[in-house]
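Student:
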Amino acid sequence: MTSDSSAPSASTPPADAAPAAAAAPEPAERPATSPVAPPADPRPDLLGLSQEDLATVLEPWIDRPFRVAQVYAALHQRGVTRFDEMTDLSKGLRSVLEESFRLGVPRVVEARESADGTTKYLFELVDGAVIEAVDIPDGRRRTLCISSQAGCALACRFCVTGYWGAGRDLGAGEIVGQVQAIRSRIGPLPAGLNLVFMGMGEPLLNPTAVGEALHRLAESISWQRMTLSTVGILPALEAMAAWPRRPNLAISLHAPDDDLRGRLMPVNQRYPLRELMALLRRWPLESGRKITFEYILIRDVNDAPAQADAVARLLRGLAAKVNLIPINHDPVLGPRMVPPSPEATARFQQRLKQHGVVTTVRRQRGDEVSGACGQLRATHRAPRGFRTPVHL
3 MTSDSSAPSA
13 STPPADAAPA
23 AAAAPEPAER
33 PATSPVAPPA
43 DPRPDLLGLS
53 QEDLATVLEP
63 WIDRPFRVAQ
73 VYAALHQRGV
83 TRFDEMTDLS
93 KGLRSVLEES
103 FRLGVPRVVE
113 ARESADGTTK
123 YLFELVDGAV
133 IEAVDIPDGR
143 RRTLCISSQA
153 GCALACRFCV
163 TGYWGAGRDL
173 GAGEIVGQVQ
183 AIRSRIGPLP
193 AGLNLVFMGM
203 GEPLLNPTAV
213 GEALHRLAES
223 ISWQRMTLST
233 VGILPALEAM
243 AAWPRRPNLA
253 ISLHAPDDDL
263 RGRLMPVNQR
273 YPLRELMALL
283 RRWPLESGRK
293 ITFEYILIRD
303 VNDAPAQADA
313 VARLLRGLAA
323 KVNLIPINHD
333 PVLGPRMVPP
343 SPEATARFQQ
353 RLKQHGVVTT
363 VRRQRGDEVS
373 GACGQLRATH
383 RAPRGFRTPV
393 HL
């Protein structure tokens, strides 16, 4: 072993503040996605590792626990994107780390800013796969929307990512790396930062990497400011309920019954709404927290007052809030996928409020750069399209 002799000794290693994420089982009949690809760069990625795993990997070069803690803090508290930024380490050690390891920070291919200040990032990963993430500033607050897969196999009829089709899972370091890449451009993360897993992919089809990434990200972002959005992959959601720490939960609802939801979201045929709601009624919520239900509004499809009544009945007795999202129209989705009028949106919201349901309408942000909800896409490959026609 070659030790880091430049540092004083330490008797015990600092405890990793983040417990290991509980791995969710693979759901049966998982839609076809590719596992994490063999990287073009064979050096191991350090960015997704826990402090304990980092100590194991670095043991041939660093035998002093506090040095491992310095590396971990540089990655997840200071948010460095290169080894030469770890200036509290000796130059020789930085050179050794550079030669032997890499950091899973993606390359920024393009950053497109809209008039409202929203920036959509196109990132290239080490194997050439591309993903997108979005930075949404809002006064003193800021929201980062990040991806968990390089595509999506679920083919939801209102989602451009689903139209493009499946891609591979991201590793934990590649998930964390999106935040690091944006952080390197915007500077220190503001206290009012929110992080949402609402980019490309279904997080609970990649639960182990997402769980590990959440624990790394929690070193600089509060758990209460992180939200995981899912269609409701039941085996993984059941496992997530047992995690020692959990982010906020957002459910992609979009219809009040199994019939319409199944036509809009093919995954509902595998994991029906009635079973999802039964699980959510057992969900372990912290005091004062609510489950968010996302509801994309589509003109003459799911925006009728009677459907608002049905949503209210569905959520009765739950600590819930509804986020209404007028669909962001994209030509690839077809002529039926258009938003309702502002008046129809207001009527739907008012109907829910009359039932006592906390309801908000999401402001349209970043649509002019195709960075709004449901507009992210894998532009490096041809779209696969929807396999079957939708009958609404």
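Residue numbering for the sequence shown follows our numbering, starting at 3 and increasing by one per position.
Just so you know, even glycine gets a beta-carbon here, dropped at the ideal spot from N, CA and C.
1) Just curious, the beta strand (DSSP E) that Y273 is in, first and last residue?
2) Can you tell me whether P344 is buried or exposed, with buried defined as 16 or more other CB within 10 angstroms of its CB?
3) Looking only at DSSP bridge pairs, what is C147 linked to?
4) Does S289 pass the burial test, meaning 16 or more other C-beta atoms within 10 Å, or should it be called exposed?
5) Of all the beta strand (DSSP E) runs that stay within the bounds of the region 225-281, which reach a length of 3 or more residues?
6) How should P342 be labelled, buried or exposed, when 16 other C-beta atoms within 10 angstroms of its C-beta is the threshold for buried?
7) Determine, using beta carbons only, whether N250 and T229 come nearer to each other than 7 Å.
8) So, for L281: in the same chain, excluding its five sequence neighbours on each side, which residues have a beta-carbon less than 7 Å away from its beta-carbon?
9) Report back the beta-carbon spacing between L77 and L48 to the nearest angstrom; my notes put them in contact at under 8 Å.
10) Tell me whether S372 sits in a helix, a strand or coil according to DSSP, three-state version.
11) Using 10 angstroms around the beta-carbon of S222, count the other beta-carbons present and answer buried if the total reaches 16, otherwise exposed.
12) Which of helix, strand or coil does DSSP assign to V340?
13) Which whole runs of the alpha helix (DSSP H) in the region 50-116 are 4 residues long or more, in chain order?
14) Consult DSSP for F2 and reduce its assignment to one of helix, strand or coil.
15) Straight-line CA distance for Q72 to A215?
16) Do the region 290-306 and the region 171-185 touch if we need at least three Cβ pairs shorter than 8 Å?
17) Determine the closest residue to V198 out of I148, T163, G130, with distance taken between C-alpha atoms.
18) Between which two residues does the alpha helix (DSSP H) containing T120 stretch?
19) State whether the region 151-158 contacts the region 267-275, with contact taken as three or more CB pairs (one from each stretch) at a distance under 8 Å.
20) To the nearest angstrom, report how far apart E112 and E101 are at their CA atoms.
21) Less than 7 Å separating the beta-carbons of S150 and L172?
22) Given that a residue counts as buried once 16 or more other Cβ atoms are within 10 Å of its Cβ, and exposed if not, what is G189?
23) Under the assumption that V359 contacts V303 (Cβ atoms under 8 Å), give the Cβ distance between them as a whole number of angstroms.
24) What three-state label does DSSP hand K397 in the structure shown?
25) Indicate whether L146 and D137 have their beta-carbon atoms separated by less than 7 Å.
26) Which same chain residues end up closer than 8 Å to R284 when comparing Cβ atoms and leaving out the 5 residues on each side of it in sequence?
27) So, under 8 Å CB-CB, I260 and R276 are touching, yes? Tell me the CB distance rounded to an integer number of Å.
28) Does DSSP put R364 in a helix, in a strand, or in coil?
29) Per DSSP, what kind of secondary structure is A322 in: helix, strand or coil?
Tutor: A quick look at the data gives this:
1) Y273 -> no beta strand (DSSP E), and no H or E assigned at all.
2) exposed
3) V136, V198
4) exposed
5) 228-232, 250-254
6) buried
7) yes
8) L236, L239, E240
9) 7 Å
10) With a pLDDT of 46 at S372, under the threshold of 50, the predicted position of this residue should be treated as unreliable, though the coordinate-derived value follows. Looking at S372 - three-state DSSP - the assignment turns out to be coil, as it is neither helix nor strand.
11) buried
12) coil
13) 53-60, 67-78, 93-102
14) Here the chain has residues from 3 to 394 only, and residue 2 is not among them.
15) 19 Å
16) no
17) I148
18) Segment: none, T120 is in no alpha helix (DSSP H) and carries neither H nor E.
19) yes
20) 28 Å
21) yes
22) exposed
23) Actually they are not in contact, since the Cβ atoms of V359 and V303 sit about 20 Å apart, beyond 8 Å.
24) Outside the modelled stretch of the chain, which goes from 3 to 394, sits residue 397, for which no answer is possible.
25) yes
26) A243
27) The question names Ile, but residue 260 in the sequence shown is Asp. Sure, about 6 Å apart at Cβ, within 8 Å.
28) coil
29) strand
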